[in-house]
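Asks: One line per chain: the protein sequences are A and B, in this order.
Residue numbers in the first sequence follow this note's numbering, run continuously in steps of one, and reach 669 at the last position.
Residue numbers in the second sequence follow this note's numbering, run continuously in steps of one, and reach 750 at the last position.
Here it is: the structure, laid out below.
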Amino acid sequence: MGTITEPERRSALPGPIGQNGVVPPRSTAHRQGRPARLLSAVFQPIGDEGRASLVERRIADAIRGGVLHAGEKLPSEQELAQTFGVAPATVREALLSLRSRGLLVTRRGRGGGSFVADSADPMAFTTEALLATTRVSLRDAATHYLAITRACVELAARRADPSEVELIRARVHRAHGGDLRMWRRIVDDAVIELAALSQSARLTREQMRLQAELSPFFALIDQDEAEQRRRLEAMDSILNAVAEADASRAGNLVADAVAHDVTWLIDHRAELEAQ
Amino acid sequence: MTMHAPPATGSPSTIVADYFGQAIDELESWKAKFSDDLAAARARGPVTTDTLDALVAPYALSTFDALDLPVYGSGFIASLNSLADASSHLAWWQGADRAQLVLAAQSVNKEAIDYSELEWYRVPHETGEAHVAGPYVDYLCSDEYTITIASPIFLDREFVGVAGLDLLIDQVERDLTPRLAPHGSDISIVNGVGRVLLSTSPHRETGDSIRGAELASLTRTACPGMALEVVSG
Chain A
395 MGTITEPERR SALPGPIGQN GVVPPRSTAH RQGRPARLLS AVFQPIGDEG
445 RASLVERRIA DAIRGGVLHA GEKLPSEQEL AQTFGVAPAT VREALLSLRS
495 RGLLVTRRGR GGGSFVADSA DPMAFTTEAL LATTRVSLRD AATHYLAITR
545 ACVELAARRA DPSEVELIRA RVHRAHGGDL RMWRRIVDDA VIELAALSQS
595 ARLTREQMRL QAELSPFFAL IDQDEAEQRR RLEAMDSILN AVAEADASRA
645 GNLVADAVAH DVTWLIDHRA ELEAQ
Chain B
518 MTMHAPPATG SPSTIVADYF GQAIDELESW KAKFSDDLAA ARARGPVTTD
568 TLDALVAPYA LSTFDALDLP VYGSGFIASL NSLADASSHL AWWQGADRAQ
618 LVLAAQSVNK EAIDYSELEW YRVPHETGEA HVAGPYVDYL CSDEYTITIA
668 SPIFLDREFV GVAGLDLLID QVERDLTPRL APHGSDISIV NGVGRVLLST
718 SPHRETGDSI RGAELASLTR TACPGMALEV VSG
């Protein structure tokens, strides 16, 4: 979709970034972007010929996506250099640029270091991204998301044991009514767990990537309490269908949910544009 | 008709029990020594994630070579809220380069990972016994279709975590299917919720379920020491 990030094509998968945007074979420590673990994607090695701009983009994406939170302290330059697999000077260059963009601030002295700016507001960034994207792009993202998520859920309906589904349901209900960040985290995790019940590693990996990509937009929607309740009810219906091994009903419910979300986003975008 | 006959030597259920039994035995043996190390560390004060990593590393790394099994990952997962500086922690090594798994949520912002309901943690915790978990898509560590063998550790009757190792289903299929094939063309290994681990029949896929009336109509033999059974048509 490329709308939350800079216009340049970013690599299709989080993980080591090679030259020319070519994605090298997955490293064994590769982690896919589950929001609770999206951070892992941020801190994967960048590659031997990593450039400051790649480091910068990784961190910027994480801040804009709300994965790194406002006021959060970054690891030290040394630690970042080690984690990304680049020279400390490269990290320093990236951090400098992020500071000048207002995404990071430096504090000196004890407990000092680089911190995500207090003003960094993922909702504001996501709203920006929503305005910057097009209806066509949004719909295509939703199409992709639906195709994969629906496939996972339909397989899960055929393959999951009801006891496995109930564990997911209980967790989602416990999170409802809590703070938005926690709610979104639990819902994202629940969708991925449901996808994993498909027994397909490929589809699950793809679904995790898409969930991470679209999660900030879902969070925008869930700021509205009524929408949060609607999402809980939709989740319940989908889990019921899966527990009852009704693949086509489960798939249709997923389609309905995605259709609702993308319509909300497009309407919201139109409202914002009108202002 | 269901039958739980004791397995004959060289029978499919013995082959399966021996295969995964090796992993259980290996975990049980390092568990004993590691428990002593961990108990000693706890006696010195609350244990940190760094201390735990240092304690686990030699045992985890030795597991890769100790077995004639395609071990993909190994380590120890602490019980929730048992460490000084984190409410959850996986001390885990995996992959061809046996790299330590770094879940950035652990190292960067100390966000808790709630693995309490995952099969490889939940079942050993509840039963107090080693468990062969899966097959499942492991979205936490390997991102692959995995079998995790896990054994719980208790110190003074307090649950402190599980020692575990991962096998990839791919490798298990390569190892076990040829050994089972001579015994029949419809032999399947099935787990506690009826999920097929692997089968000599091309009509039963890993990940499919055999449940209810269908399962009841097949010959079933328990694999001793684990919640797996061999079913044959």
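Backbone N, C-alpha and C fix where the C-beta goes; we use that ideal spot for every residue, glycine too.
Computed from a predicted structure; not experimentally measured.
Should the stretch 540 to 559 of chain A be called in touch with the stretch 586 to 594 of chain A, which here means at least 3 C-beta pairs below 8 Å?
Replies: Cβ pair count under 8 Å is three or more, so yes.
Asks: Would you please state the rounded distance, in angstroms, between the beta carbons of residue 453 of chain A and residue 492 of chain A? I believe it to be under 8 Å.
Replies: With a Cβ gap of about 6 Å, residue 453 of chain A and residue 492 of chain A count as contacting.
Asks: Could you spell out the range, first to last residue, of the beta strand (DSSP E) harbouring residue 712 of chain B?
Replies: Looking at the DSSP string, residue 712 of chain B is not in any beta strand (DSSP E), and its letter there is neither H nor E.
Asks: Only counting the same chain, and skipping five residues up and downstream in sequence, which positions put a Cβ closer than 8 Å to that of residue 558 of chain A?
Replies: Result list for residue 558 of chain A: 591, in chain order.
Asks: Can you list, in chain order, the residues of the stretch 714 to 735 of chain B whose Cβ is nearer than 9 Å to any Cβ on chain A?
Replies: Cβ contacts with chain A: 722, 723, 724, 725, 726, 728.
Asks: With which residues is residue 669 of chain B paired in a DSSP beta bridge?
Replies: Answer is B:679, bridged to residue 669 of chain B.
Asks: Using the rule of at least 16 other Cβ atoms within 10 Å of the residue's Cβ for burial, across every protein chain shown, is residue 671 of chain B buried or exposed?
Replies: Exposed.
Asks: Whose C-alpha, out of B:571, B:589, B:572, is nearest the C-alpha of residue 687 of chain B?
Replies: It is B:589 whose Cα lies nearest to the Cα of residue 687 of chain B.
Asks: Mind checking who residue 748 of chain B pairs with in its DSSP beta bridge?
Replies: In the DSSP output, where bridge partners are listed per residue, residue 748 of chain B has B:705, B:737.
Asks: Just grab the DSSP bridge partners of residue 550 of chain B for me.
Replies: Note: residue 550 of chain B sits in no beta bridge, so no partner.
Asks: Establish whether the CB of residue 660 of chain B and some CB of chain A are separated by less than 8 Å.
Replies: By this cut-off, residue 660 of chain B is an interface position.
Asks: Which residue or residues does DSSP assign as beta-bridge partners of residue 648 of chain B?
Replies: B:667.
Asks: CA-CA distance, residue 604 of chain B and residue 641 of chain B?
Replies: One C-alpha to the other measures close to 19 Å.
Asks: Quick check on DSSP: helix, strand or coil for residue 536 of chain B?
Replies: Residue 536 of chain B: helix per DSSP, three-state reduction.
Asks: Mind reading off the beta-carbon distance from residue 584 of chain B to residue 617 of chain B? Whole number of angstroms is fine, and I expect it under 8 Å.
Replies: Actually they do not touch by this definition, with Cβ atoms about 20 Å apart.
Asks: What residues are listed by DSSP as bridge partners for residue 594 of chain B?
Replies: B:607, B:679, per the DSSP bridge assignment.
Asks: State whether the stretch 527 to 547 of chain B contacts the stretch 568 to 580 of chain A, with contact taken as three or more CB pairs (one from each stretch) at a distance under 8 Å.
Replies: As far as the Cβ criterion goes, the stretch 527 to 547 of chain B does not touch the stretch 568 to 580 of chain A, which means the pair count is below three.
Asks: Spatial neighbours of residue 627 of chain B within its chain, please: C-beta separation below 7 Å, excluding the five flanking residues on both sides.
Replies: Bear in mind that the predicted position of residue 627 of chain B carries a pLDDT of just 49, short of 50, making it unreliable; the figure below should be weighed with that in mind. These residues qualify, in order along the chain: 603.
Asks: Tell me which residues share the same chain as residue 552 of chain B and place their Cβ nearer than 6 Å to its Cβ, disregarding the 5 neighbours each side in the sequence.
Replies: Contacts found: 670.
Asks: Under 8 Å, Cβ to Cβ, is there at least one residue of chain B near residue 561 of chain A?
Replies: True, the Cβ-Cβ gap to chain B drops below 8 Å.
Asks: One question on the structure: do residue 657 of chain B and residue 689 of chain B come within less than 8 Å of each other, judged by their Cβ atoms?
Replies: No, the Cβ-Cβ distance between residue 657 of chain B and residue 689 of chain B is not below 8 Å.
Asks: Could you tell me which whole beta strand (DSSP E) segments of length 3 or greater appear in the stretch 435 to 516 of chain A?
Replies: Runs of the beta strand (DSSP E) inside the stretch 435 to 516 of chain A: 498 to 501, 507 to 510.
Asks: Go ahead and pull the three-state DSSP assignment for residue 726 of chain B.
Replies: Strand.
Asks: Residues of chain A with CB under 8 Å from residue 711 of chain B, in chain order?
Replies: 555, listed in chain order.
Asks: Please compile the residues from chain A whose C-beta is within a distance smaller than 8 Å of the C-beta of residue 653 of chain B.
Replies: In chain order: 590, 593.
Asks: Determine whether the beta carbon atoms of residue 554 of chain B and residue 572 of chain B lie at a separation below 8 Å.
Replies: Yes, they are a contact pair.
Asks: Determine the direct distance from the alpha carbon of residue 510 of chain A to that of residue 542 of chain A, and round the result to whole angstroms.
Replies: Each residue's Cα considered, the two are about 33 Å apart.
Asks: So residue 679 of chain B and residue 610 of chain B are supposed to be a Cβ contact under 8 Å. How far apart are they, rounded?
Replies: So it is not a contact: roughly 15 Å between Cβ atoms.
Asks: Assuming residue 705 of chain B and residue 677 of chain B are in contact, meaning their beta carbons sit under 8 Å apart, how far apart are those beta carbons, in whole angstroms?
Replies: Going by Cβ atoms, the distance from residue 705 of chain B to residue 677 of chain B rounds to 36 Å, so no, they are not a contact pair.
Asks: Within 10 Å of its beta-carbon, does residue 605 of chain A have 16 or more other beta-carbons around it, so buried, or fewer, so exposed?
Replies: So residue 605 of chain A ends up on the buried side.
Asks: Taking residue 467 of chain A as the reference, give the member of A:499, A:611, A:650 with the closest Cα.
Replies: When each option's Cα is compared against that of residue 467 of chain A, the closest is A:499.
Asks: Residue 677 of chain A versus chain B: which residues are under 8 Å apart at the beta carbon?
Replies: No answer is possible for residue 677 of chain A: the residues shown for chain A start at 395 and end at 669.
Asks: State buried or exposed for residue 548 of chain B, treating a residue as buried only when at least 16 other CB atoms are found within 10 Å of its CB.
Replies: Burial call: buried.
Asks: Assuming residue 660 of chain B and residue 599 of chain A make a contact with CB atoms under 8 Å, what is their CB distance in whole Å?
Replies: Contact holds; Cβ gap of about 6 Å.
Asks: For residue 558 of chain B, which residues from the same chain have a beta carbon less than 7 Å from its beta carbon, with the 5 sequence-adjacent residues on both sides left out?
Replies: Only 564, 568, 572 meet the Cβ criterion.
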